[in-house]
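K.L.:
In case it helps, the working numbering puts the sequence shown at residues 418 to 993.
A virtual CB, placed ideally from N, CA and C, is assigned to each residue, including glycine.
For clarity, every value in this text was computed on a predicted model and none was experimentally measured.
Dumping the structure here so I can ask a few things about it.
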Amino acid sequence: MKKTTFTILVSGMLIATGLKAQTVQEGINHLYADRFKSAIGVFEKILATNPNNTDAIYWMGQTYLDNDENAKARDLYAKALLSSNNAPIILVGVGHVELHDNKLSDAKQHFEMALTSTRTKKGDDPMILTLIGRANVDAKAGDLPYAIEKLEAAVLRDPKNPETYLQLGNAYKKARPGEGGGKAFENYKKALEVNPNFPVADMRLAKLFESQKNWEFFLQYLNDAIALDPKFAPAYYELFYYYFFREKYPEAEAQLQKYIAAADDVIQNEYLYAQLCFGNKNYDCAITKAMNVYTTMGASTKPKVYKLIAYADYEKGNYADALKFINLYFGKAKTDSLISKDFDIKARIMTKMGGDPNEIYATYIQGAALDTVLANKIDFMNAGAAFFASGEDSVRRTKEGELRLEVIKLRPTPSERNYFDAGFAFYKANNLDRSDSVFAVLVQKWPESIPGWQLRYNIGRLKDTSMTGGLAIPPGLRYLELMQKDTAKNKRNIIGVASYLAQYYANITKDRDNAIKYLEIMVMLDPTNEVFKKYLEDMKKPPNPKTNPKGNGSQPKPSPRPELKNSTNSKVFNRP
């Protein structure tokens, strides 16, 4: 349900007295309070008596738009345009629909036609100016600077219309996220000064403070709206979600009951109860109530209902049904209504159904791209990476690494841990080249990083199992150097690396001095180990020359030394 707001247009909109003013106002009041069916009923009754009442036609069209029934509004205004001989207020309604249809030039043309036809020596009609501003604020494709210009002009022509101030506040808030809060606040307060009995202005003030996470004022203004009108349903709607998202379900249900008593959309109420069931982890109840909405509405079912069913089916383990409804949701939802969490649940469902990891990875990338807040974008990618990390197959761990690399790109100053997590994911995927490239960057940025040198050493050993390439030697030497700063803490790992280096120098390069050097480190740290001492003794013995029995003058050859074997557990260590 969209939450645009409306108010009576005091100047030039309605006749001040008589049955017509009362009945149109009655319909508008229902519209304020989200009683769309009641509002339509009022306007239909008026039009049954007077089919040419353009005020009733306009507000009926606005009711359709607010209830996401744009096609009905489009048809209503198109017919009224012909029957009313281009009535200015209907021209504005047509332009409003055209903005929703992204027909921007057509909309602008109809707005200007409405202004031209009502312009007097005193200037443009403030009512028409206000409605044009309102249309541009409401529609995603609306021209907000144009809206502000028209609304400011309307204030000058009629400073006593609360709707104008309301829409001007909305325009500033939407046009200047963050910085427009002050101007929005000023105009909402001005609307209340003009009409103190105006709950919709309190509602907008509450939403303004909600965006600032100022919950004290958020609740204060909602309660002020209820004090002005105890049947003002939108306030109860907001209070329901306030408590719902804080998992205070008894309080949420109490507000929902008040909303139901004030509203008139039975199906909407059923959906809200389905949400409450979901919050209480009663997934059978959630599915039953949401399916009732789906069965009743058919093709007119709103996308959020499909999403709720998908979530509940996922929690129940009904993954095939969850996949069906999440696909329905993505097929029906407008692109600009999708949020990051929608892509998260879609990825999880696809995984349970054995989906393609590449498609799942792309789903996380798409979800992160939707969030404009950097911290949220990073959190979402980290959630995706953690999800892939829960599996042990190489494809999933590779996707984890790729997501963690995306996080590194996003962060202004990536941490050592960011690089380690990315490199380790590729390491667990046995993608050693990619892993080593990440750790190479890590140790360049943090030369004292023991974990970084440890993994480079481990990768070198895995890539060079025969030792002949010496790939593990440079990182192993640096790794050992750093660990020797705390021999008590790193004793076991020092012995493991020293053993590897001793083997390499003894068996591959035949470098006796270096082999002795690392054997001595091993013996020093573990002086009771007889195997270490035996290897060291053997390595220190001078080579025995062979006798030349033939006396032919050839040089004696040294007797071969026994090869050093891996005498300690120098396995690849697990993630710190």
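Apart from the five residues on each side of it in sequence, which residues of its chain come closer than 8 Å, Cβ to Cβ, to GLY968?
P.N.:
Counting from 1 along the sequence shown, the entry for residue 968 is found at position 551. Low local confidence applies: a pLDDT of 48 at GLY968 is under 50, so the model's placement there is unreliable, and no value is given.
K.L.:
Suppose you measure from the CA of ARG401 to the CA of GLY886; what does that come to, to the nearest Å?
P.N.:
Residue 401 lies beyond the residue range present for the chain, which begins at 418 and ends at 993; the question has no answer from this structure.
K.L.:
Which partner residues does THR537 have in the DSSP bridge list?
P.N.:
Against the sequence shown, residue 537 aligns to sequence position 120. BP columns for THR537 point to GLY540.
K.L.:
Tell whether a beta-carbon distance below 8 Å holds between ARG814 and ALA842.
P.N.:
Numbered from 1 along the sequence shown, position 397 holds the residue referred to as residue 814. Numbered from 1 along the sequence shown, position 425 holds the residue referred to as residue 842. The answer is yes: Cβ separation under 8 Å.
K.L.:
Just to confirm, is the Cβ distance from LEU548 to ALA592 under 8 Å?
P.N.:
The residue given as residue 548 occupies position 131 in the sequence shown. The residue given as residue 592 occupies position 175 in the sequence shown. For LEU548 and ALA592, no; Cβs fall outside 8 Å.
K.L.:
Within the 8 Å Cβ cut-off, does GLU947 reach chain C?
P.N.:
No chain C is present in this structure, which holds just one protein chain.
K.L.:
Taking only runs that begin and end inside the stretch 475–505, name each unbroken alpha helix (DSSP H) of 4 or more residues, in chain order.
P.N.:
You should have 487–500.
K.L.:
Around the C-beta of PHE949, are 16 or more other C-beta atoms found within 10 angstroms, so that it is buried, or is it exposed?
P.N.:
Here residue 949 refers to the residue found at position 532 when the sequence shown is read from its first residue. Classification of PHE949: buried, given that the 10 Å Cβ count is 16 or more.
K.L.:
Grouping DSSP H, G and I as helix and E and B as strand, with all else coil, what is ASN614?
P.N.:
On the sequence shown, position 197 is the one that residue 614 refers to. In the structure shown, ASN614 sits in coil (DSSP, three-state: anything other than H, G, I, E or B).
K.L.:
How big is the Cα-Cα spacing for TYR658 and ASN875?
P.N.:
In the sequence shown, counting from the first residue as 1, residue 658 sits at position 241. In the sequence shown, counting from the first residue as 1, residue 875 sits at position 458. So the alpha carbons of these two residues sit roughly 52 Å apart.
K.L.:
Within 10 angstroms of the Cβ of ASP414, are there 16 or more other Cβ atoms? Answer buried if so, exposed if not.
P.N.:
Residue 414 is absent from the structure shown; the chain starts at 418 and stops at 993.
K.L.:
Tell me the DSSP secondary structure of TRP632 in three-state form.
P.N.:
Working through the sequence shown from its first residue, we reach residue 632 at position 215. Of the three classes helix, strand and coil, the one that applies to TRP632 here is helix, per DSSP.
K.L.:
Kindly give me the distance between the Cβ atoms of ILE762 and TYR728, rounded to whole angstroms, as I take these residues to be in contact under 8 Å.
P.N.:
Along the sequence shown, one-based indexing puts residue 762 at 345. Along the sequence shown, one-based indexing puts residue 728 at 311. ILE762 to TYR728, Cβ: 6 Å. Contact.
K.L.:
What three-state label does DSSP hand ALA750 in the structure shown?
P.N.:
Start at 1 with the first residue of the sequence shown, and residue 750 comes out as number 333. It is coil, neither helix nor strand.
K.L.:
Give every residue of the same chain whose Cβ lies closer than 7 Å to the Cβ of ASP682, excluding the five residues on either side of it in the sequence, and list them in chain order.
P.N.:
Translated into positions along the sequence shown, residue 682 becomes position 265. Closer than 7 Å at the Cβ level, and outside the excluded window around ASP682, lie PHE453 and LYS454.
K.L.:
For ASP853 and GLY818, I'd like the C-alpha separation in whole angstroms.
P.N.:
Along the sequence shown, read from residue 1 onward, the residue named residue 853 stands at position 436. Along the sequence shown, read from residue 1 onward, the residue named residue 818 stands at position 401. So the alpha carbons of these two residues sit roughly 12 Å apart.
K.L.:
With a cut-off of 8 Å on the beta carbons, I'd call PRO505 and THR535 a contact; round off their distance for me.
P.N.:
Position 88 of the sequence shown holds residue 505. Position 118 of the sequence shown holds residue 535. Confirmed, about 5 Å.
K.L.:
For a quick check, are the C-beta atoms of LEU498 and ALA531 less than 8 Å apart?
P.N.:
Here residue 498 corresponds to residue number 81 of the sequence shown, with the count starting at 1. Here residue 531 corresponds to residue number 114 of the sequence shown, with the count starting at 1. Not closer than 8 Å, so no.
K.L.:
Compute the minimum distance between the beta carbon of ARG574 and the heavy atoms of the ligand NAP, and state whether it is under 7 Å.
P.N.:
The ligand content of the structure shown is nil, which means the ligand NAP is not present either.
K.L.:
Just verifying my parser: in three-state terms, what is the DSSP assignment at SER522?
P.N.:
The residue you call residue 522 lines up with position 105 of the sequence shown. If DSSP states are grouped into helix, strand and coil, SER522 belongs with the helices.
K.L.:
Measuring straight from C-alpha to C-alpha, what distance separates ILE925 and MET884?
P.N.:
If you number the sequence shown from 1, residue 925 lands on position 508. If you number the sequence shown from 1, residue 884 lands on position 467. If I take the Cα positions, the gap works out to 7 Å.
K.L.:
Taking only three categories from DSSP, how would you classify ARG452?
P.N.:
Here residue 452 refers to the residue found at position 35 when the sequence shown is read from its first residue. Here ARG452 sits in coil by DSSP.
K.L.:
Report the rounded CA-to-CA distance for GLY478 versus ILE445, giving the unit in angstroms.
P.N.:
In the sequence shown, counting from the first residue as 1, residue 478 sits at position 61. In the sequence shown, counting from the first residue as 1, residue 445 sits at position 28. Approximately 12 Å between the Cα atoms of the pair.
K.L.:
Could you compute how far the alpha carbon of ILE457 sits from the alpha carbon of GLN526?
P.N.:
Your numbering for residue 457 matches position 40 in the sequence shown. Your numbering for residue 526 matches position 109 in the sequence shown. Their backbone Cα atoms lie some 28 Å apart in a straight line.
K.L.:
Between the beta-carbon of LYS794 and the beta-carbon of LEU827, is there less than 8 Å?
P.N.:
For this step, residue 794 is matched to residue 377 along the sequence shown. For this step, residue 827 is matched to residue 410 along the sequence shown. It is a contact, given that the beta carbons lie within the stated cut-off.
K.L.:
Less than 8 Å between the C-beta atoms of ALA524 and GLY510, yes or no?
P.N.:
The count along the sequence shown starts at 1 and reaches residue 524 at position 107. The count along the sequence shown starts at 1 and reaches residue 510 at position 93. Cβ atoms of ALA524 and GLY510: not closer than 8 Å.
K.L.:
Is the stretch 700–710 in contact with the stretch 669–678, if contact means three or more CB pairs nearer than 8 Å?
P.N.:
No, the stretch 700–710 does not touch the stretch 669–678.
K.L.:
Would you kindly report the start and end of the unbroken alpha helix (DSSP H) that includes PRO959?
P.N.:
Looking up residue 959 in the sequence shown gives position 542. It is not in any alpha helix (DSSP H) - PRO959 carries neither H nor E in the DSSP assignment.
K.L.:
Assign ALA473 to buried or exposed, taking buried as 16 or more other Cβ atoms, counted over all protein chains shown, within 10 Å of its Cβ.
P.N.:
For the purposes of this step, residue 473 is taken as the residue at position 56 of the sequence shown. ALA473 should be labelled buried.
K.L.:
Within its chain, find whatever has a CB closer than 8 Å to the CB of VAL914; leave out the 5 residues flanking it on each side and keep chain order.
P.N.:
Your numbering for residue 914 matches position 497 in the sequence shown. Excluding sequence neighbours, VAL914 sits near TYR874, GLY893, TYR896, LEU897, MET900 and SER987.
K.L.:
Specify, as a first and last residue, the run of the alpha helix (DSSP H) that PRO891 falls within.
P.N.:
Stepping through the sequence shown from its first residue, residue 891 is reached at position 474. Note, PRO891: alpha helix (DSSP H), 890–900.
K.L.:
Would DSSP call LYS758 helix, strand or coil?
P.N.:
Within the sequence shown, the letter at position 341 stands for residue 758. Of the three classes helix, strand and coil, the one that applies to LYS758 here is helix, per DSSP.
K.L.:
Using 10 angstroms around the beta-carbon of TRP632, count the other beta-carbons present and answer buried if the total reaches 16, otherwise exposed.
P.N.:
Here residue 632 is taken as the residue at index 215 of the sequence shown, counted from 1. TRP632 is exposed by the Cβ-count criterion.
K.L.:
Look at LEU516 and ALA556 and say whether their C-beta atoms are less than 8 Å apart.
P.N.:
Reading the sequence shown from its first residue, position 99 is the one you call residue 516. Reading the sequence shown from its first residue, position 139 is the one you call residue 556. Taking 8 Å as the Cβ cut-off, LEU516 and ALA556 qualify as a contacting pair.
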